[in-house]
Each structure stands twice: as C-alpha cells, then as structure tokens.
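**Student:** Below is the structure I would like to discuss, written out as structure tokens.
Protein chains: 4
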Amino acid sequence: MSSLLIGYYSKTGNTKAMAEYIAAGAREAGANVDLLPIEKVTIPSLPSYDGIILGSPDYYGGMAAPVKQLLDDSVRLHGQLAGKVGGAFSSAANIGGGNETTILGIIHGLLVHGMIVPGVAVGDHYGPVSINAPDERVERQCKKYGLLIADIARRLKDEG
Amino acid sequence: MSSLLIGYYSKTGNTKAMAEYIAAGAREAGANVDLLPIEKVTIPSLPSYDGIILGSPDYYGGMAAPVKQLLDDSVRLHGQLAGKVGGAFSSAANIGGGNETTILGIIHGLLVHGMIVPGVAVGDHYGPVSINAPDERVERQCKKYGLLIADIARRLKDEG
Amino acid sequence: MSSLLIGYYSKTGNTKAMAEYIAAGAREAGANVDLLPIEKVTIPSLPSYDGIILGSPDYYGGMAAPVKQLLDDSVRLHGQLAGKVGGAFSSAANIGGGNETTILGIIHGLLVHGMIVPGVAVGDHYGPVSINAPDERVERQCKKYGLLIADIARRLKDEG
Amino acid sequence: MSSLLIGYYSKTGNTKAMAEYIAAGAREAGANVDLLPIEKVTIPSLPSYDGIILGSPDYYGGMAAPVKQLLDDSVRLHGQLAGKVGGAFSSAANIGGGNETTILGIIHGLLVHGMIVPGVAVGDHYGPVSINAPDERVERQCKKYGLLIADIARRLKDEG
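Residue numbers (the working numbering), protein chains in the order written: chain A, 37 to 196; chain B, 37 to 196; chain C, 37 to 196; chain D, 37 to 196.
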C-alpha cells in the first residue's frame with residue numbers, strides 16, 4: 037500500500053473538488069491518502085509520503101503564491117523527496133488561459149526535487165485540468181489520474 | 037500600414053480556419069496580410085514583414101515538425117527579425133492536451149529571434165487556442181488577436 | 037522619456053546586482069527607472085509605468101513566492117497593464133537548474149496581463165540569467181536588456 | 037535488466053558526446069543500451085524498450101526538427117509507450133539560450149505518450165545540459181542521468 041499526499045489551494049471550491057476526485061481514484065487503487073488544503077501541509081511530513089500531488093488554480097499562468105511558498109519552504113529537506121512520485125492539477129477560468137503552464141510550473145518544482153512525474157497518454161496529458169467547475173469529463177480525468185499516481189507509487193515502493 | 041505573415045500548418049483544416057480568422061482581424065486593422073501554408077513560406081521573405089504569426093496543430097505538446105523546420109532554417113537570417121512583432125496560435129484535440137505548450141514553443145522560437153511578443157489580457161492569454169474545429173469563441177479570439185498584432189506592428193513601424 | 041519599474045527579490049544580492057545593471061542600461065537609454073525590492077512595490081503604482089521588469093532567484097524552477105504574490109495581487113488592476121512592455125531575469129545556482137523556467141514563469145504572468153515581451157536575438161534569449169554572482173558576461177547582458185526594454189517602451193509610448 | 041534507447045541528433049558532435057556519456061552511465065547500471073542517431077531510430081522498435089532518452093541541440097529554444105519529426109511519427113503507436121521511463125538532454129551555445137526549453141519540449145512529448153519522467157535533485161534538474169562541448173561537469177551529469185533512468189526503468193520493469 038502506498039501513501040499519497042494531495043495538497044490543494046482552492047478559493048472557489050473548484051480545485052478542492054478536483055482534489056477529492058483524485059483522492060477517490062487513488063483510494064480505489066488502494067492508496068492511503070491525506071487530502072489537505074495547502075495551509076495544513078507541513079514540511080516535515082513530506083518525506084513520509086510515497087507520492088505527492090499538488091493542485092492550484094491558475095493565477096497569472098502559474099500556481100497560487102501559497103503553493104509556491106510551500107515549494108520554496110521545502111528546500112529544508114531537499115534531496116529527501118528524490119525518487120518519490122509527483123503529480124499536479126489545475127483549474128482555470130478559460131481554455132488557453134494558463135492551465136497547462138500552471139501544472140507545468142508545479143511539475144518543474146517536483147522535478148527539481150528529483151521526483152518522478154508520469155504523463156497521461158489519453159486525456160489531460162500533463163495532469164487534470166478543469167475549466168471552471170469540474171464536469172463529468174474532469175471527474176473522470178481526476179479519478180484516472182489518482183489511480184495512475186497511486187499505482188506507480190506502489191510499484192516503485194514495492195521495488196524499493 | 038504594416039505587413040504581416042500568417043504561416044500555418046494544417047491537416048484537418050482547423051488551424052487553417054484559425055489563420056483565416058486572424059488574417060481577417062489583421063486586415064480590419066489595416067494590415068497587409070500574406071496568409072500562407074507553412075510549406076509556401078520562404079526564408080528570404082521573412083525580413084520583409086513587420087510581424088510574423090505562426091500556427092500549428094498540437095503534436096505531442098509542440099508545433100508540427102514542418103513548422104519547427106522553418107524555424108530551424110531561419111537561422112540563416114538570424115538577427116534580421118529582431119524587433120519585429122511575433123505571435124502564435126494552435127489547435128488541439130483536447131483541453132489540457134498541449135495547446136499552450138504548442139503556442140509557447142513557437143513563442144520561444146520567436147523570442148530567440150529577438151521578436152516582440154504580446155499577450156492577451158482578456159481571452160486566450162498566450163495566443164488563440166481551438167479545441168477541435170474553431171467555434172464562435174475561437175473566431176472572436178482569432179480576430180481580436182490579428183487586430184492586436186497588426187496594431188502593435190504598425191505602432192512599432194511608425195516609430196521605427 | 038519612458039518610465040520603468042525594475043522589481044526584484046534578492047537574498048544573496050545576486051539578483052539585486054543584476055537589477056542594478058539593468059537599471060544602468062535603461063537609464064543610459066534615457067528611461068526614468070524605479071529600482072525596488074519586491075516588498076516595496078505597490079500594486080496601485082503599477083499602471084503608472086511604461087514598462088515593468090521583474091527579477092527573481094530560481095527557487096524550484098520558478099520565481100520566489102513573494103514575486104508570485106505580487107503577480108497574484110495585481111489581479112485587482114487586471115487590464116490596466118495591457119500594452120505595456122514587460123521583461124524578466126533570474127539568478128540560479130546551476131546551469132540547467134531552472135533559470136529559464138524562472139524567467140518564463142514571470143513572462144507568462146506578464147503575457148496574461150496583456151503585456152508585450154521582447155526576446156533577445158544575441159545573448160540570453162528570454163532575459164538575463166546569472167549562474168551565481170553576476171560576472172562581466174552577465175553585466176553586459178543586463179545592461180543590453182535594460183536598454184532594449186527602455187527603447188521599446190519609449191517607442192510604444194511615443195506612438196500611443 | 038532493462039533496455040534503453042538513447043536517440044540523439046548531433047551536428048557538431050556535442051550532443052553525441054553527451055549521449056555516449058549517458059549510455060556509459062546506463063550500462064554501468066546494468067542496462068542494455070541502444071545508442072542511435074535519430075535518423076536510425078525506427079518507430080516500430082520503440083515499444084521494445086523499457087526507457088527512451090532523446091537528446092537534441094537547442095535550435096530556437098526547442099528540439100531540432102528531425103527529433104520533432106520522430107515524435108510526430110510515433111503517433112502511430114500512441115498508447116504503447118505509456119508507463120515507460122523517459123528522459124531528455126540538450127546542448128546549447130549559450131547559458132540562458134534555450135537549453136531548458138529544449139529539454140522540456142522533449143519531456144512534454146514523452147509525457148503526452150504517458151511516459152514517466154524523473155527529475156534530478158542535485159545537478160541539472162530537468163536533464164543534462166551542455167554549454168558548447170561537454171566538459172567534466174557535463175560528463176558527470178550525463179553518467180549520473182543514465183544511471184538514474186536505467187535504475188527506474190529496471191525497478192518499474194521488475195514490478196510490472
């Protein structure tokens with residue numbers, strides 16, 4: 037069994053709803069999931085997870101500052117997250133409005149930590165994206181993504 | 037009056053339709069527009085334009101290889117495009133499927149040429165995006181974008 | 037005469053030194069420059085500038101959280117920065133360590149604001165980059181960049 | 037034992053030299069490595085590998101067109117590379133000249149294929165970068181990267 041953190045920042049509830057769908061998918065795959073708003077995520081807890089998924093609304097083409105602050109603060113334990121699985125998701129107000137650059141900004145941070153990031157062959161390739169409130173398409177993408185991350189985290193953990 | 041090149045690669049006709057809407061917007065703003073499939077664009081012609089807009093379908097999160105080939109070939113006149121206005125647009129099969137990274141890949145190439153790239157405050161921020169066939173929203177975004185690029189090209193040209 | 041804001045976040049002094057070189061280049065081009073640490077930049081002042089250049093160290097492949105916070109807070113005046121000139125620069129500890137993604141993350145924010153972003157044909161193409169303390173190469177890149185941004189800001193202002 | 041493909045495009049020999057160092061690292065980790073110039077890579081062979089690493093010089097901030105063409109052509113077997121490990125590397129003429137965007141452009145393509153991409157906690161975070169001819173630093177980065185990719189490919193393969 038793998039343990040996952042899903043941390044999200046949400047003002048309108050859209051990113052939170054996505055986080056819940058991802059958690060549902062990951063739990064279906066047997067993962068132990070901590071689902072937390074970003075302000076409840078603590079730096080010392082991070083190395084205890086096999087996988088970390090972060091979500092943010094798209095603010096000016098990037099993650100919200102509180103999510104970036106968490107990444108910046110995590111420098112204290114730099115190196116301890118290497119080899120863990122990472123993922124990202126975002127919600128935005130418009131198509132073409134920065135949802136991909138928001139996800140990729142988070143992914144850059146996870147790669148700098150030496151984490152391992154999977155893409156998605158069919159669907160939202162870099163991570164789930166919602167334009168405004170998540171609809172059924174987004175729910176499906178999120179559940180699938182949670183399952184994918186949980187599965188890779190379990191396989192890498194088993195194999196140590 | 038400014039002169040613009042709109043070069044596009046299109047298999048399904050979606051990217052071509054976007055190019056035509058952008059051309060319509062630019063012509064409305066008084067620009068002299070050459071609208072060409074990428075294989076008809078010649079390298080020696082590039083410095084004659086005040087602005088260059090390139091469009092591509094999203095192939096694996098980036099521009100189609102023939103568009104990249106044009107950029108690669110343009111190295112022959114490196115430096116001669118500096119200070120000109122640049123823009124990009126893309127069509128894709130999915131939301132979250134690489135439409136933004138396709139546009140930004142083109143924009144990176146234009147920036148390396150020293151071109152000047154405007155964003156869009158309201159709408160598709162990095163450049164127009166169509167998910168499948170362009171609908172009315174996309175038509176509006178494209179016309180607005182053509183107008184924006186034509187306007188900046190004209191202002192920079194007048195001021196020389 | 038154009039007026040520029042150069043806002044930077046700096047812990048070690050490297051990003052600050054770059055900001056000073058950029059300011060020197062912009063002043064040489066006749067610009068009126070406000071050079072400020074990011075915590076002294078106020079949102080209501082932003083629309084008064086013809087151009088805005090933001091600099092940050094590379095933290096996890098992106099701008100430092102306080103720089104992101106400024107961008108997030110600037111949503112209050114969204115639309116008022118459209119058409120202004122924008123630029124970015126970064127300092128990093130390693131080659132290949134995220135300096136380009138830091139600059140591009142800032143540029144994404146400026147494009148979302150509808151700002152106009154120039155690239156550099158010869159040198160650091162997306163904006164000046166320093167690996168550790170700025171050396172002579174970086175000083176040259178920064179001065180040139182300040183001059184470039186000041187020049188475009190002036191031309192766009194004159195032409196209104 | 038895992039099997040890896042290292043495909044590269046090289047005009048000056050710099051990217052080829054990097055490819056050879058990565059191959060050396062991967063072989064040290066026990067991987068079976070095919071080291072091939074991009075024009076010798078065949079699409080039908082791709083699904084036979086546990087991991088694929090692609091390298092390119094930085095041309096206008098992105099991979100060379102022949103590398104992009106390979107990605108575009110690989111659409112024929114879309115889905116068959118999902119879950120494999122992917123990596124990227126680049127050589128460039130300048131710091132800040134597009135080496136990171138070149139690597140990330142390749143990584144976007146691998147993520148769209150559903151591949152799994154690791155970052156590097158210490159060193160060149162997104163993948164190895166050489167500024168001009170590879171020096172000792174680059175040699176070290178490349179060997180380490182080959183070893184990392186080989187190790188993850190082996191672990192994911194064992195665990196199936």
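No residue lacks a Cβ here, since even glycine has one placed at the ideal position from N, Cα and C.
Can you tell me which of the three DSSP states S110 of chain A falls into?
**Tutor:** It is helical.
**Student:** In whole angstroms, give me the CA-to-CA distance for I131 of chain B and L40 of chain D.
**Tutor:** About 32 Å.
**Student:** In whole angstroms, what is the alpha-carbon distance linking I42 of chain D and V148 of chain D?
**Tutor:** Between I42 of chain D and V148 of chain D, the C-alpha separation is close to 19 Å.
**Student:** Is it a yes or a no for the segment 43-58 of chain B touching the segment 87-97 of chain B, going by three-plus beta-carbon pairs under 8 Å?
**Tutor:** At 8 Å Cβ cutoff, the stretches touch.
**Student:** Within 8 Å of any Cβ in chain C, is that where the Cβ of Y162 of chain A sits?
**Tutor:** No, because no Cβ of chain C sits closer than 8 Å to the Cβ of Y162 of chain A.
**Student:** Just confirm the distance between the C-beta atoms of Y95 of chain C and E136 of chain C, as a whole number of angstroms; I'd bet it's less than 8 Å.
**Tutor:** Rounded, the Cβ-Cβ distance is 14 Å, inconsistent with contact.
**Student:** Nearest CA to the CA of V69 of chain D: which residue from D:A60, D:E75, D:K76 and D:A101?
**Tutor:** The shortest C-alpha separation from V69 of chain D is found at D:A60.
**Student:** Is the CB-CB distance between Y44 of chain A and P83 of chain A below 8 Å?
**Tutor:** For Y44 of chain A and P83 of chain A, no; Cβs fall outside 8 Å.
**Student:** With distances taken Cα to Cα, identify the nearest neighbour of G182 of chain A among A:K193, A:G123, A:D171 and A:L192.
**Tutor:** Comparing Cα positions, the closest option is A:G123.
**Student:** Please identify the residue among C:L107, C:K179, C:S166 and C:G159 whose C-alpha is closest to the C-alpha of G145 of chain C.
**Tutor:** Cα-wise, what sits closest to G145 of chain C is C:L107.
**Student:** Any beta carbon of chain B sitting closer than 8 Å to that of Y95 of chain D?
**Tutor:** Chain B, which has a Cβ nearer than 8 Å to the Cβ of Y95 of chain D, makes this yes.
**Student:** When Cβ atoms are compared, which residues of the segment 166-193 of chain B fall closer than 8 Å to chain C?
**Tutor:** Here the close residues are I188, R191 and L192.
**Student:** In terms of residue numbering, what span does the alpha helix (DSSP H) encompassing G61 of chain C cover?
**Tutor:** N50 to E64 is the extent of the alpha helix (DSSP H) around G61 of chain C.
**Student:** Which runs of the beta strand (DSSP E) spanning at least 3 residues fall entirely within the segment 109-151 of chain A, listed in chain order?
**Tutor:** Runs of the beta strand (DSSP E) inside the segment 109-151 of chain A: 121-128.
**Student:** Mapping DSSP to helix, strand and coil, what is G87 of chain A?
**Tutor:** Here G87 of chain A sits in strand by DSSP.
**Student:** Please list the segments of the beta strand (DSSP E) lying wholly inside the segment 158-187 of chain B, counting only runs of 3 or more residues, in order along the chain.
**Tutor:** Those beta strand (DSSP E) runs which fall completely within the segment 158-187 of chain B and span 3+ residues are 165-167.
**Student:** For M151 of chain A, which residues from the same chain have a beta carbon less than 8 Å from its beta carbon, with the 5 sequence-adjacent residues on both sides left out?
**Tutor:** Here the set comprises I88, L117, A118, G119, K120, V121 and G122.
**Student:** Going by Cα to Cα distance, which pick from D:V103, D:D187, D:L192 and D:K193 is closest to A65 of chain D?
**Tutor:** The shortest Cα separation from A65 of chain D among D:V103, D:D187, D:L192 and D:K193 belongs to D:D187.
**Student:** Please report how far the alpha carbon of R191 of chain B lies from the alpha carbon of M37 of chain B, in whole angstroms.
**Tutor:** If I take the Cα positions, the gap works out to 9 Å.
**Student:** Return the CA-CA distance between D86 of chain D and A189 of chain D, expressed in angstroms with no decimal places.
**Tutor:** If I take the Cα positions, the gap works out to 6 Å.
**Student:** Is T51 of chain D close to chain C, meaning its C-beta is less than 8 Å from at least one C-beta of that chain?
**Tutor:** False, the Cβ-Cβ gap to chain C never drops below 8 Å.
**Student:** Using the Cα positions of E175 of chain A and Y57 of chain A, report the straight-line distance between them to the nearest angstrom.
**Tutor:** The straight-line gap from Cα to Cα measures roughly 6 Å.
**Student:** Consult DSSP for V103 of chain B and reduce its assignment to one of helix, strand or coil.
**Tutor:** Correct three-state label for V103 of chain B: helix.
**Student:** Taking the C-alpha atoms as reference points, what is the distance between E172 of chain A and V165 of chain A?
**Tutor:** Approximately 12 Å between the Cα atoms of the pair.
**Student:** Measuring CB to CB, does A62 of chain C end up less than 8 Å from I142 of chain C?
**Tutor:** In this structure, I142 of chain C does not lie closer than 8 Å to A62 of chain C by Cβ.
**Student:** Are Q105 of chain D and A101 of chain B close, meaning C-beta to C-beta below 8 Å?
**Tutor:** Yes, these two residues count as a Cβ contact at 8 Å.
**Student:** Using a Cβ cut-off of 9 Å, pull out every chain F residue sitting near P154 of chain B, in sequence order please.
**Tutor:** The structure shown has no chain F; the protein chains it does contain are A, B, C and D.
**Student:** Tell me which same chain residues have a C-beta within less than 7 Å of the C-beta of M99 of chain C, skipping the five on either side of it?
**Tutor:** Here the set comprises S92, T138, G141 and I142.
**Student:** Please report the residue range of the beta strand (DSSP E) in which V69 of chain A lies.
**Tutor:** Unbroken beta strand (DSSP E) run through V69 of chain A: N68 to P73.
**Student:** Any idea which residues DSSP pairs V156 of chain C with across the strands?
**Tutor:** According to DSSP, which records beta bridges pairwise, V156 of chain C is partnered with nothing at all.
**Student:** What is the DSSP secondary structure of S81 of chain B, reduced to helix, strand or coil?
**Tutor:** In this structure, S81 of chain B counts as helix in the three-state DSSP scheme.
**Student:** Can you tell me which residues form a DSSP beta bridge with Y95 of chain D?
**Tutor:** DSSP lists D:G98 as partners of Y95 of chain D.
**Student:** Starting from Y44 of chain B, follow the beta strand (DSSP E) in both directions and report where the run begins and ends.
**Tutor:** Start and end: S39 to Y44.
**Student:** Out of C:D194, C:L71 and C:I167, point me to the one whose CA is closest to S127 of chain C's CA.
**Tutor:** Nearest C-alpha to S127 of chain C: C:I167.
**Student:** If E195 of chain B and D194 of chain C are in contact, beta carbons under 8 Å, what's the gap, nearest whole angstrom?
**Tutor:** Yes, E195 of chain B and D194 of chain C are in contact; Cβ-Cβ is about 6 Å, under 8 Å.
**Student:** In whole angstroms, give me the CA-to-CA distance for A55 of chain D and F125 of chain D.
**Tutor:** In a straight line, the C-alpha of A55 of chain D is about 8 Å away from that of F125 of chain D.
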